[in-house]
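Chemist: Handing you this structure, nothing more for now.
What follows is the structure, encoded as structure tokens:
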């Protein structure tokens, strides 16, 4: 791998938006996130996909009295447009939900030049119209725990309602190369974090079980600072996969984060409650690092690492740390099984005892094959990814979903080999279909907050552009998903992980129509690189 020159500067219009004050917008909205603790009503009207027209149109449906209010505007949204303004695009007749303010009501959304310029009762004039009757209009989903936006898997993200793909589990590359590799080649926005596990091997030449020397740590800190300066957001730590990670290594990189005001993202060290090495020890390691350095910390896929079999106690531990003033959050994916490669350190030692599973519970992703003690070794030689069926208690998933400071993140992106977990394609639709509509674990607005405004606010101190995402408000970026709450569902399985979700009719990215009437437009490579400040 080589370090490449930085990508060209952002579009001039985006530079103007930065000058207008992302920080002011973030400050104005930071206190508006509602308390999201109590599941509530998930009722919604039935309906199907809308249609587009290319002629000037005026919406005429009379809204109920509830539509006389609207979500608050961004702090620098500017004055409202007059009644004669013709919008580039209007999404009409939809149920508008802005999780940032808690607004939920029937309004139309006007868009100009990739920005939401009006949210108002019907009557907006439009050059193009999307009819969202009987559907929800919401901010596009933000996947806070994905990987590099490869040209195969990224379309399954789009089909799952994702408009921003953040590789916060860490990017297997240097920053300049990463952004250059995908600039202009993806339908949705992308960014990522410095990957401690990968780059300690790539740059320092360390094996996973080896610890760095003092000289190496100086070099590693400089490498992290250089790559964050070139656009990475935060550092992704994976001590379970690099057990040689010691206190000195954590502190060296955390010092860089503290200097730059960035966040540590953690795949924690242990994934079970049994000594030696317990989930509580792993969580305490993160808490202690946050206490020593003052940095924010985010725990990845908490149901599979750090909370498995002990979720209530893990949550209580973190809530005590949060109550003491520490900034710690987490994410979860909505499945009762995890997946990883067989040659990884996760399968070291007595993995059957730690995870309460056997060889027969391991299924090779993209196939129907279950492993045996004999075939396990061949799968290890090929380093196949396997799904560990039944490895996460369902009650742990539901408890995590109900916790206000735990967001939604997929921890996957599909590959052409299809050797993947179904979370790569169905995470967000599964939350809305299974856990909102079918089980009532969450109400719709709470679920949407966990996949829009909450991840946006977690990231925006590092990536200023995120201060205009995750909101359905005048002045925000027109990253928008339109879906039927009665039909949205995941379709991906272990056997067929690259299977599109259903129930989403339209997806806009900066106002560009990436999906129309349920069909993806693969010419719309309009996603932007989201670099740190």
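Residue numbers (the working numbering): 1146 to 1678. Glycine included, every Cβ here is placed at the ideal spot set by N, Cα and C. Predicted, not measured: the structure shown is a model, and the values here were computed from it.
Measure the C-alpha to C-alpha separation of residue 1325 and residue 1380 and round it to an integer number of angstroms.
Modeler: As a first step, residue 1325 is located in the chain shown; it is residue number 180 there, counting from the start. As a first step, residue 1380 is located in the chain shown; it is residue number 235 there, counting from the start. Their backbone Cα atoms lie some 20 Å apart in a straight line.
Chemist: DSSP on residue 1300, reduced to helix/strand/coil?
Modeler: Within the chain shown, the letter at position 155 stands for residue 1300. Residue 1300: helix per DSSP, three-state reduction.
Chemist: Taking 8 Å as the threshold, find out whether the segment 1508 to 1521 comes into contact with the segment 1631 to 1647 through three or more Cβ pairs.
Modeler: With a cut-off of 8 Å, the segment 1631 to 1647 and the segment 1508 to 1521 count as touching, because enough Cβ pairs lie within range.
Chemist: Okay, do the segment 1429 to 1440 and the segment 1386 to 1396 touch, 3+ Cβ pairs below 8 Å being the bar?
Modeler: Yes, since at least three Cβ pairs between the segment 1429 to 1440 and the segment 1386 to 1396 fall closer than 8 Å, the two stretches touch.
Chemist: Starting from the Cα of residue 1627, find the closest Cα among 1673, 1237 and 1263 and give me that residue.
Modeler: The sequence position of residue 1627 within the chain shown is 482, counting from 1. The shortest C-alpha separation from residue 1627 is found at 1237.
Chemist: Which residues mark the beginning and the end of the alpha helix (DSSP H) in which residue 1496 is found?
Modeler: Position 351 of the chain shown, counting from 1, holds the residue named residue 1496. From DSSP, the alpha helix (DSSP H) with residue 1496 extends over 1496 to 1500.
Chemist: Where does residue 1669 land, buried or exposed, given buried means 16+ other C-beta within 10 angstroms?
Modeler: To locate residue 1669, count along the chain shown from 1; it is residue 524. Buried, by the Cβ-count rule.
Chemist: Taking 7 Å as the limit between beta carbons, can you name the residues of its chain near residue 1226, skipping five residues before and five after?
Modeler: Within the chain shown, the letter at position 81 stands for residue 1226. 1262 and 1263, listed in sequence order.
Chemist: Between the segment 1577 to 1584 and the segment 1531 to 1539, do three or more beta carbon pairs fall short of 8 Å?
Modeler: No contact exists between the segment 1577 to 1584 and the segment 1531 to 1539.
Chemist: Could you tell me which whole beta strand (DSSP E) segments of length 3 or greater appear in the segment 1438 to 1524?
Modeler: Runs of the beta strand (DSSP E) inside the segment 1438 to 1524: 1442 to 1444, 1473 to 1477, 1483 to 1486 and 1507 to 1509.
Chemist: Let me confirm a value: residue 1363 is counted as buried when at least 16 other C-beta atoms fall within 10 Å, else exposed. Which label applies?
Modeler: As a position in the chain shown, residue 1363 is number 218, starting the count at 1. Burial call: exposed.
Chemist: Mapping the DSSP letters down to three states, classify residue 1226 as helix, strand or coil.
Modeler: Counted from its first residue, the chain shown places residue 1226 at position 81. Three-state result, residue 1226: coil.
Chemist: My output table needs one value for residue 1434: the three-state DSSP class, helix, strand or coil.
Modeler: Position 289 of the chain shown, counted from the first residue, corresponds to residue 1434. Residue state, collapsed to three classes: helix.
Chemist: From this set, 1623, 1664, 1675 and 1652, which residue's C-alpha is nearest residue 1254's C-alpha?
Modeler: For the purposes of this step, residue 1254 is taken as the residue at position 109 of the chain shown. Of 1623, 1664, 1675 and 1652, the residue nearest in Cα terms is 1623.
Chemist: How about the segment 1603 to 1612 and the segment 1229 to 1236: do they share at least three Cβ pairs that are nearer than 8 Å?
Modeler: Touching, no.
Chemist: Tell me whether the beta-carbon of residue 1474 lies closer than 9 Å to the beta-carbon of residue 1552.
Modeler: In the chain shown, residue 1474 corresponds to position 329, counting from 1. In the chain shown, residue 1552 corresponds to position 407, counting from 1. Yes, they are a contact pair.
Chemist: Okay, do the segment 1481 to 1500 and the segment 1516 to 1531 touch, 3+ Cβ pairs below 8 Å being the bar?
Modeler: The segment 1481 to 1500 vs the segment 1516 to 1531: in contact.
Chemist: Could you give the residue range of the beta strand (DSSP E) that holds residue 1568?
Modeler: For the purposes of this step, residue 1568 is taken as residue 423 along the chain shown, with counting starting at 1. Run containing residue 1568: none in the beta strand (DSSP E); it sits in the alpha helix (DSSP H), 1568 to 1575.
Chemist: In this structure, what does DSSP give as the bridge partners for residue 1660?
Modeler: Residue mapping note: residue 1660 aligns to position 515 of the chain shown, counting from 1. Beta-bridge pairing links residue 1660 to 1652 and 1665.
Chemist: Can you tell which of 1590, 1678, 1599 and 1660 has its C-alpha closest to the C-alpha of residue 1609?
Modeler: The count along the chain shown starts at 1 and reaches residue 1609 at position 464. Closest by alpha carbon: 1678.
Chemist: Judging by CA-CA distance, which residue of 1673, 1500, 1570 and 1490 is the nearest neighbour of residue 1417?
Modeler: The residue labelled residue 1417 in the question sits at position 272 within the chain shown. Selected option, being the one with the closest Cα: 1500.
Chemist: For residue 1289 and residue 1600, what's the separation of their Cα atoms in angstroms?
Modeler: Residue mapping note: residue 1289 aligns to position 144 of the chain shown, counting from 1. Residue mapping note: residue 1600 aligns to position 455 of the chain shown, counting from 1. The straight-line gap from Cα to Cα measures roughly 6 Å.
Chemist: Locate the alpha helix (DSSP H) running through residue 1552, then write down its first and last residues.
Modeler: Stepping through the chain shown from its first residue, residue 1552 is reached at position 407. It is not in any alpha helix (DSSP H) - residue 1552 instead sits in the beta strand (DSSP E) that spans 1551 to 1553.
Chemist: Note down the Cα distance separating residue 1351 from residue 1357, rounded to an integer number of angstroms.
Modeler: Locating residue 1351 in the chain shown gives position 206, counting from the first residue. Locating residue 1357 in the chain shown gives position 212, counting from the first residue. Answer to the nearest angstrom: the Cα atoms are 7 Å apart.
Chemist: Quick check on this structure: which residue in 1222, 1294, 1426 and 1256 has the alpha carbon closest to the alpha carbon of residue 1570?
Modeler: For the purposes of this step, residue 1570 is taken as residue 425 along the chain shown, with counting starting at 1. It is 1294.
Chemist: Cutting at 8 Å between CB atoms, please list the residues of its own chain near residue 1396, excluding the five before and the five after it.
Modeler: Taking the chain shown and counting its residues from 1, the one referred to as residue 1396 is at position 251. Here the set comprises 1434, 1437 and 1438.
Chemist: Identify every residue that forms a DSSP beta bridge with residue 1240.
Modeler: Numbered from 1 along the chain shown, position 95 holds the residue referred to as residue 1240. Its beta-bridge partners are 1251 and 1281.
Chemist: Count the other CB atoms within 10 Å of the CB of residue 1199; is the residue buried (16 or more) or exposed (fewer)?
Modeler: Within the chain shown, residue 1199 is the residue found at index 54, counting from 1. Summary for residue 1199: the model assigns pLDDT 38, below 50, so the residue's position carries little reliability, and this model does not support an answer.
Chemist: Thinking C-alpha only, which one of 1455, 1663, 1400 and 1321 is nearest residue 1423?
Modeler: As a position in the chain shown, residue 1423 is number 278, starting the count at 1. Checked all of 1455, 1663, 1400 and 1321; the closest Cα to residue 1423 is 1455.
Chemist: What is the rounded straight-line gap between the Cα of residue 1586 and the Cα of residue 1592?
Modeler: Taking the first residue of the chain shown as position 1, residue 1586 is located at position 441. Taking the first residue of the chain shown as position 1, residue 1592 is located at position 447. Rounded to whole angstroms, residue 1586 to residue 1592 spans 9 Å at the Cα level.
Chemist: Going straight from the alpha carbon of residue 1195 to that of residue 1658, what length do you get?
Modeler: Locating residue 1195 in the chain shown gives position 50, where the first residue counts as 1. Locating residue 1658 in the chain shown gives position 513, where the first residue counts as 1. In this prediction, residue 1195 scores a pLDDT of 39, lower than 50, which makes its location untrustworthy; the coordinate-derived value is nonetheless stated afterwards. One C-alpha to the other measures close to 13 Å.
Chemist: If we ignore side chains and look at the alpha-carbon of each, how far apart do residue 1207 and residue 1275 end up?
Modeler: Here residue 1207 refers to the residue found at position 62 of the chain shown. Here residue 1275 refers to the residue found at position 130 of the chain shown. The predicted position of residue 1207 is uncertain, since its pLDDT is 35 and thus under 50; a value taken from the coordinates is nonetheless stated next. Going by the C-alpha atoms only, they are around 17 Å apart.
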